[in-house]
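**Q** Counting from 1, position 126 in the sequence shown corresponds to residue 1535 in the numbering used here; the numbering is continuous, with no gaps. Glycine included, every Cβ here is placed at the ideal spot set by N, Cα and C. Predicted, not measured: the structure shown is a model, and the values here were computed from it. What follows is a single structure, and I will ask about it in a moment.
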Amino acid sequence: SGGDWPQFEKQVATRLPERADLSRLWMMPTSGTKLYTHGDGRWNTVYADLFDDATKTKILEAFDAALEATGFVPEQTWGERIEDRGSQITFSALGQQAPIDAKEHWDPRFEKRKIIQADLKQRLPGLSINMGGATSIDITKEGVDKATGLAKLADISGIATDDMLFIGDAIFPGGNDYAPKAAGMDTVKIRDPQETLAVIEAIVACQK
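Next comes the structure, spelled out in structure tokens:
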């Protein structure tokens, strides 16, 4: 996911049933630029591919310039629009706390973000700039994406990428879920959480 660890902790880690075997859960925030595993009663950072301060400043300045140049100013926002996640800088058009309904209606076909993305690519050569979620644009180091994250996961876990299945909603060129498909991994494109659940339930049913 493009979300950072606090989001993973709130939405996943703290909601798991007591019977869950946490040693079998690998969580990769910020587009695979970080990896967390559970041990000794807590979640631990295995790695985090962080930006240096100079690059962060350059990205933040580029976002300000790109948003001014493209003119996409929403009528209402909820919380901060640009977030430093250490290994990823994320732009959320309506703000980090925007309600789901507002997010879903702002840019459902990615048309607005494609324009912002194109402007950012001119200002930030050498960085990966991808769209994700309902309103987000994620920036990571060049060549650092969900495919490289999964390759690291394969090395650390011993599970080959050929034995993995990647599920995402932004599996298209420019989307932050496209890298695994471009790398030749098996992928399934979904629309929303409900379809994600249906796909996972079908996979589990086939294993019984």
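For a quick check, are the C-beta atoms of Gly1443 and Ala1457 less than 8 Å apart?
**A** It should be noted that the sequence gives Lys, not Gly, for residue 1443. A contact, by the Cβ cut-off of 8 Å.
**Q** Tell whether a beta-carbon distance below 8 Å holds between Thr1596 and Pro1589.
**A** Yes, they are a contact pair.
**Q** Would Asn1585 and Asp1547 be called neighbours here (beta carbons separated by less than 8 Å)?
**A** For Asn1585 and Asp1547, yes; Cβs fall inside 8 Å.
**Q** So for Ala1457, helix, strand or coil by DSSP?
**A** Ala1457: strand per DSSP, three-state reduction.
**Q** Exposed or buried, Gln1497, counting other C-beta atoms within 10 Å across all chains shown (16 or more means buried)?
**A** With 16 or more other Cβ atoms within 10 Å, it is buried.
**Q** Which one or two residues does DSSP pair with Glu1492 in a beta bridge?
**A** Glu1492 pairs with Thr1499.
**Q** Is it buried or exposed for Asp1618, if we count other Cβ within 10 angstroms and need 16 for buried?
**A** Residue 1618 lies beyond the stretch modelled for the chain, which goes from 1410 to 1617, so this question has no answer here.
**Q** Starting from the Cα of Asp1461, find the closest Cα among Ala1474, Arg1494, Thr1486, Glu1484 and give me that residue.
**A** Among Ala1474, Arg1494, Thr1486, Glu1484, the Cα nearest to that of Asp1461 is on Arg1494.
**Q** Can you name, in chain order, every residue of its own chain whose Cβ lies under 8 Å from the Cβ of Phe1417, other than the five neighbours on each side?
**A** Once the five neighbours on either side are set aside, the close Cβ partners of Phe1417 are Ser1410, Met1436, Pro1438, Tyr1445.
**Q** CB Leu1459 to CB His1447, shorter than 8 Å?
**A** Their beta carbons are not under 8 Å apart, which means Leu1459 does not touch His1447 by this criterion.
**Q** Alpha carbons only, please: which of His1514, Ile1491, Gly1593 is nearest the one belonging to Glu1470?
**A** Comparing Cα-Cα distances from Glu1470 to each of His1514, Ile1491, Gly1593, the minimum goes to Ile1491.
**Q** Using only alpha-carbon positions, find the residue among Lys1523, Leu1503, Ile1524 that is nearest to His1514.
**A** Closest option to His1514, Cα to Cα, is Leu1503.
**Q** With the cut-off set at 8 Å, would you say Val1608 and Ile1576 are in Cβ contact?
**A** Contact: yes.
**Q** Assuming Phe1472 is part of the alpha helix (DSSP H), what are its boundary residues?
**A** Counting along the chain, the alpha helix (DSSP H) containing Phe1472 begins and ends at 1462-1479.
**Q** In terms of residue numbering, what span does the alpha helix (DSSP H) encompassing Ser1566 cover?
**A** From DSSP, the alpha helix (DSSP H) with Ser1566 extends over 1555-1566.
**Q** CB-CB under 7 Å to Ile1580, same chain, minus the five flanking residues each way: which ones, in chain order?
**A** So the qualifying residues of the chain are Asp1586, Tyr1587, Lys1590, Thr1596, Lys1598.
**Q** Looking at C-beta atoms only, is the number of pairs between the region 1507-1525 and the region 1554-1565 that lie closer than 8 Å three or more?
**A** Taking 8 Å as the limit for Cβ pairs, the verdict is that the region 1554-1565 does not touch the region 1507-1525.
**Q** Quick one: complete beta strand (DSSP E) runs, 3+ long, within the region 1497-1557?
**A** Correct list: 1498-1501, 1536-1541, 1545-1550.
**Q** By alpha-carbon positions, which one of Pro1426, Lys1550, Trp1452, Lys1523 ends up nearest to Thr1479?
**A** Minimum Cα distance to Thr1479 is reached at Lys1523.
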